[in-house]
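This report refers to the structure that appears directly beneath it.
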């Protein structure tokens, strides 16, 4: 598996780095395929792309991603005034400064103001007009603004297009709408950046507080897990009980009121739901439903009370294990770094693949009059062909990067392979973390005397074992999961492409496939997680470990369900408490509502910027800590199930479980363990 990963990654990287050129992303490209602003070229000081006739470009998306059907040049700065070639040519003798300014937006080397306007526009030596613009994304966009709700450019609502027409600025509305929203976003972005610049250390303090609170919550779970769970359960029972009483009160209150004895069938379907609330039958149905739910919950508590006590005991034991192996709380940082490396490497390779193409030139001419329009051409031999004679004004200009070779035809396959290897490596990094943590916590459980018999540096030792002995098993488990995830990506791609189709069967089939593979991915994640725990305990291969883990869980399926739900609830409650508590504190601080710190709070453009950052960051910090705790509980649970099946509590086969778990199982005293 590791060799296959290396080969696939090597193929993608070799192909991408040999043929790719990231400069195509960094620098805009003019009509001649030259990069704007690239060092040691004629365009070194010309960093901005200028469009001869921006009216031909419908929106900024076209300008950035596709090729606008007009001549494009690299310039050192964008125009800052309205001007037309006709006016500049007419006045160049007595106003040479205007010509000198205008010609910097003409083709390089063109300096012939005596050439007729018709020929200049036909050959596209110069633009017919220039518009006040500003650089954005290294491209010149019209300098749009609004004045009293009216769209303007340099405070003007009309302009001459240099072809004898007076145009309204609203002719650029499609481009203006997109550009204005982008520019507004840029203005908001600057303010957000300012807020981060003056509040970053307070954000870090908030995240540090979240880390301390998360750590305290995990430590206190040893004492409060049972209390929190039973408070919640009895709270739910009480709320449902109140609901039953309220339904009975409404049912009794409606007695004797005209029309209240009608049935739902009598009044039929009504869009106003309040109509049904006037019927006694509705409240009777609600009361019966709530009674059924109440009885089910009470019966579950009666019959599952022992398993719930075991789940709570395991949660407390997990808190105790983390207390002895505190280094495990910081292992998610290692996983984060590994995943960040995978993402960076994938992104770089994807950029190289996306830019691996040769310049493609096409004939640019009036499509209705020229049959050669949009056909590929060679700029070196174009002037020797008869295209310019048959299509006056036609030019051979740069269109995009691509190619017709076998390699260029299969770039999509390379991108798919790159995405597959990315998913594989990410899943491997997660698997490595799960196996490492499982090994550390398993060493705690199987220690005869805790904490005296816990190995020295259990986390580091477990990481070494996982790297040295279990790399292949982890890679194989990650491979299976990556294949399913890739299929889901392909299905999402097909669904996006077929969105406009009217074939109901196709949409239904895709929906079913997406649902099935989503369920399969969830199932595989569950199996893989427990397989990695068994690998860490016994050191067997992936398939054997997955089979043993699956059958072990099936033999304890009720315990699994109870433990899973109890753990999910307590950890979710912990995340909400951490994120909500720190968020409330941050809200009062950043809105200067804490008198003691009112002078310390920074003046912000948007107080919600650091507030949301603190809330989201606190949730992620809590998630990092609690993911370790969840792995700890899952590991201890599998060890507990193994302990019950392998041992009987006798002197020859003593239990390794804690005294609290032993008491819950009904044993009077803990048998002595082997040294």
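In mature numbering (1 follows the signal peptide of the UniProt record, and there is no 0), the protein residues as written are -20 to -1, 1 to 655.
Where a beta carbon is used, it is the ideal one built from N, C-alpha and C, also for glycine.
Cβ of residue 316 versus every heavy atom of the ligand PLP: is any distance shorter than 6 Å? This structure lacks the ligand PLP, and indeed carries no ligand of any kind.
Determine which residues share a DSSP beta bridge with residue 52 and list them. 31
Among 397, 295 and 344, nearest to residue 330 - alpha-carbon criterion: 397
Could you work out which residue in 116, 119, 123 and 146 is closest to residue 108 when comparing CA atoms only? 146
Taking C-alpha atoms, which residue in 101, 120 and 61 lies nearest to residue 10? 120
Roughly how many whole angstroms lie between the Cα atoms of residue 123 and residue 168? 18 Å
Cβ-based burial, residue 106 [other Cβ within 10 Å; buried from 16]: buried
Roughly how many angstroms lie between the CA atoms of residue 325 and residue 358, to the nearest whole one? 36 Å
Grab me the residues of residue 151's own chain with a C-beta within less than 7 Å of its C-beta, minus the 5 sequence neighbours each way, in chain order. 35
Kindly indicate which three-state DSSP category residue 106 falls into: helix, strand or coil? coil
Among 68, 26 and 110, whose alpha-carbon lies nearest the alpha-carbon of residue 60? 110
Can you tell me whether DSSP reads residue 344 as helix, strand or coil? strand
Quick one: is residue 661 buried, meaning 16 or more other Cβ sit within 10 Å of its Cβ, or exposed? No answer is possible for residue 661: it lies beyond the span of the chain, which begins at -20 and ends at 655.
Consult DSSP for residue 46 and reduce its assignment to one of helix, strand or coil. Low local confidence applies: a pLDDT of 43 at residue 46 is under 50, so the model's placement there is unreliable, and no value is given.
Quick check: the region 214 to 234 against the region 618 to 637, are at least 3 beta-carbon pairs closer than 8 Å? no
I'd like the list of long-range same chain contacts for residue 100, defined as Cβ closer than 6 Å, with 5 residues on each side in sequence excluded. 106
Check whether residue 407 and residue 455 have beta carbons under 7 Å apart: no
Where the beta strand (DSSP E) through residue 120 begins and ends: 119 to 122
Smallest Cα separation from residue 475: which of 488, 302 and 390? 488
Whole angstroms is fine: what's the gap from residue 201's alpha carbon to residue 411's? 26 Å
For the alpha helix (DSSP H) containing residue 553, list its first residue and its last residue. 537 to 570
Kindly give me the distance between the Cβ atoms of residue 234 and residue 254, rounded to whole angstroms, as I take these residues to be in contact under 8 Å. So it is not a contact: roughly 13 Å between Cβ atoms.
My assumption, with CB atoms under 8 Å, is that residue 267 sits in contact with residue 222. Please give the rounded CB distance. Between residue 222 and residue 267 the Cβ distance is about 12 Å, and since that is not below 8 Å, they are no contact.
Run of the alpha helix (DSSP H) containing residue 478, from where it starts to where it stops: Premise fails: residue 478 is in no alpha helix (DSSP H) and is neither H nor E.
Nearest to residue 589 (by Cα), restricted to the options 127, 140 and 180: 180
For the 8 Å Cβ check, are there 3 or more pairs between the region 598 to 605 and the region 633 to 640? no
Quick check: the Cα distance between residue 249 and residue 503, rounded to an integer number of angstroms? 40 Å
Residue span of the alpha helix (DSSP H) that contains residue 407, given as start and end: 391 to 425
Give the DSSP bridge partners of residue 322, in chain order. Beta-bridge pairing links residue 322 to no other residue.
Inter-stretch contact (C-beta, 8 Å, three-pair minimum) for the region 562 to 569 and the region 189 to 196: yes
Which class does residue 80 belong to by DSSP, given the choice of helix, strand or coil? helix
DSSP state of residue 127 mapped onto helix, strand, coil: strand
Do residue 464 and residue 436 come within 7 Å of each other at the CB atom, strictly closer than that value? no
Terminal residues of the alpha helix (DSSP H) in which residue 300 lies: 285 to 304
Can you tell me which of 484, 472 and 512 puts its alpha carbon nearest to the alpha carbon of residue 496? 472
Which listed residue (607, 616, 626 and 627) has its alpha carbon closest to that of residue 315: 607
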